[in-house]
Amino acid sequence: MRNYLKTAILLIGVATIPGSAVAQSAVENRVERLEGQMRAVQRKVFPPQGQGGNNQLIQPDIAPNDLSTPSTGAPSGSAISDLTARVDALESQLSGLTGQIEQLQFKGRQLDEGFAAYKRATDARLTALEGTSAPTSTAVIDTPSVAATTPKPPAPKPGATRPATSPAATPAAPAKDPARAQRVAAIEKPATDDAGEDLYNYGYRLWEAKFYPEAEVQFKALIKDYPQHRRISRAQNMLGRSLLDGGKPNLAILAFYDNYRKMPKGDRAHESLFYLAQALVKLNKPAGEVCKVYDELEDVYPDKLSPQMKADVARGRVTSKCK
Numbered sequence: 014m015r016n017y018l019k020t021a022i023l024l025i026g027v028a029t030i031p032g033s034a035v036a037q038s039a040v041e042n043r044v045e046r047l048e049g050q051m052r053a054v055q056r057k058v059f060p061p062q063g064q065g066g067n068n069q070l071i072q073p074d075i076a077p078n079d080l081s082t083p084s085t086g087a088p089s090g091s092a093i094s095d096l097t098a099r100v101d102a103l104e105s106q107l108s109g110l111t112g113q114i115e116q117l118q119f120k121g122r123q124l125d126e127g128f129a130a131y132k133r134a135t136d137a138r139l140t141a142l143e144g145t146s147a148p149t150s151t152a153v154i155d156t157p158s159v160a161a162t163t164p165k166p167p168a169p170k171p172g173a174t175r176p177a178t179s180p181a182a183t184p185a186a187p188a189k190d191p192a193r194a195q196r197v198a199a200i201e202k203p204a205t206d207d208a209g210e211d212l213y214n215y216g217y218r219l220w221e222a223k224f225y226p227e228a229e230v231q232f233k234a235l236i237k238d239y240p241q242h243r244r245i246s247r248a249q250n251m252l253g254r255s256l257l258d259g260g261k262p263n264l265a266i267l268a269f270y271d272n273y274r275k276m277p278k279g280d281r282a283h284e285s286l287f288y289l290a291q292a293l294v295k296l297n298k299p300a301g302e303v304c305k306v307y308d309e310l311e312d313v314y315p316d317k318l319s320p321q322m323k324a325d326v327a328r329g330r331v332t333s334k335c336k
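For the numbering used here, count along the sequence shown from 1 and bump the result up by 13.
Next comes the structure, spelled out in structure tokens:
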């Protein structure tokens, strides 16, 4: 009888071993699979250098758990059952994390595409505005007698690029009014060995006398014929002011913006930003746009603003109700 009991106990022990071994093996397989999936997520979040950013939709490496697979394990309440439950929770969380990563990547691509479309539209609008302003660059000249009385300018300095006919010798009065042409002719034209400097000084004298279209001609000639001249930033700024004072705020905006964009370190770039805000006000643009220009001016050129300009900016902020 005793031998029979021993034999039964041994048989029961041997019968229980395969069940536990099978359960433990199943959990180990799931843990290995979970580790592999976690490595896949890490490759998506932290891709190796040179392998990311191909803008392709990433297919999920983690599929939902196959609920149809029967779970084999030890009896309820055992350590293996607790471990299985924890593995199930980790698998569920990992699957949700993969879905969130894919959504974020999709939204990021949408943002990139939207920004690229906005940039293309803005460039097209600026190109269209510049094309509209191009015909205004040639003025109507009706006073040949002024050119006849203009002395021939001396030779340029070494290294300077001088056109065949000096722009300073070009009649500056686009108006057909003879009286106005006489007043323009009365303004002294400088004649030195620096043609670019002569254009700038003559244009400035015309602007001071409120002959804005004539001043516009001189500044445009300087910008076109002497793009590397030391007065180029001032000429671009004064072109904008001539357009603004001459009742062309829409074209003045382009002149001021070009001076700031192309020559941000020019000696009159900060003034162009200030007068850009004034042109926006004249065009009744939203106050938010004006305030952004003031913000840019104070952020980029805090050390170049004179006390008078600081006071003008402060008044402009109050008028536009800037925060």
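We put the CB at the ideal spot given by N, CA and C, even for glycine.
{"Query": "Beta-carbon gap between ASN272 and SER285 smaller than 7 Å", "Result": "yes"}
{"Query": "Alpha carbon of LEU257 to alpha carbon of VAL230, nearest angstrom", "Result": "14 Å"}
{"Query": "Residue range of the unbroken alpha helix (DSSP H) whose run includes GLU284", "Result": "282–295"}
{"Query": "Reference ARG56; option with closest CA among GLN249, ASP280, THR111", "Result": "THR111"}
{"Query": "Local conformation of GLN249 per DSSP, three classes", "Result": "helix"}
{"Query": "GLY329 classed as buried or exposed, judged by whether at least 16 other C-beta atoms fall within 10 angstroms", "Result": "buried"}
{"Query": "The alpha helix (DSSP H) enclosing SER333, as first and last residue numbers", "Result": "320–333"}
{"Query": "Contact set for GLY260: own chain, Cβ-Cβ below 7 Å, skip 5 residues either direction", "Result": "none"}
{"Query": "7 Å Cβ cutoff met for HIS283 and TYR314", "Result": "yes"}
{"Query": "Distance between GLU104 and PHE287 (C-alpha atoms, nearest Å)", "Result": "59 Å"}
{"Query": "Whole-Å CB distance - LEU252 paired with ALA234, under 8 Å assumed", "Result": "Contact doesn't hold; Cβ gap of about 10 Å is too wide."}
{"Query": "Span of the alpha helix (DSSP H), counted from its first residue to its last, around GLY275", "Result": "Rather than Gly, the amino acid found at residue 275 in this sequence is Lys. LYS275 -> alpha helix (DSSP H) spans 262–275."}
{"Query": "Contacts around VAL100, its chain only, beta-carbon distance under 8 Å, and the 5 residues preceding and following it disregarded", "Result": "VAL40, ARG43, VAL44, LEU47"}
{"Query": "Same chain, Cβ closer than 8 Å to ILE236, neighbours up to 5 away in sequence not counted", "Result": "ILE245, ALA248, GLN249, LEU252"}
{"Query": "Three-way DSSP call (helix, strand, coil) for ILE114 in this model", "Result": "helix"}
{"Query": "Given GLU227 as reference, the closest of THR140, LYS202, ASP125, LEU289 once Cα atoms are compared", "Result": "LYS202"}
{"Query": "Spatial distance of ILE114 from ALA53 (CA atoms)", "Result": "12 Å"}
{"Query": "Where SER105 sits in the DSSP three-state scheme", "Result": "helix"}
{"Query": "Own chain residues within Cβ distance below 8 Å of VAL303, not counting five before or after", "Result": "ALA290, LEU293, VAL294, GLY329, SER333, CYS335"}
{"Query": "The alpha helix (DSSP H) enclosing ALA195, as first and last residue numbers", "Result": "Inspection of the sequence shows that residue 195 is occupied by Gln rather than by Ala. From DSSP, the alpha helix (DSSP H) with GLN195 extends over 191–198."}
{"Query": "Cα-Cα separation between ALA134 and GLY127, rounded to whole angstroms", "Result": "11 Å"}
{"Query": "Per-residue burial, ASP190 [other beta carbons within 10 Å of its own, 16 or more giving buried]", "Result": "exposed"}
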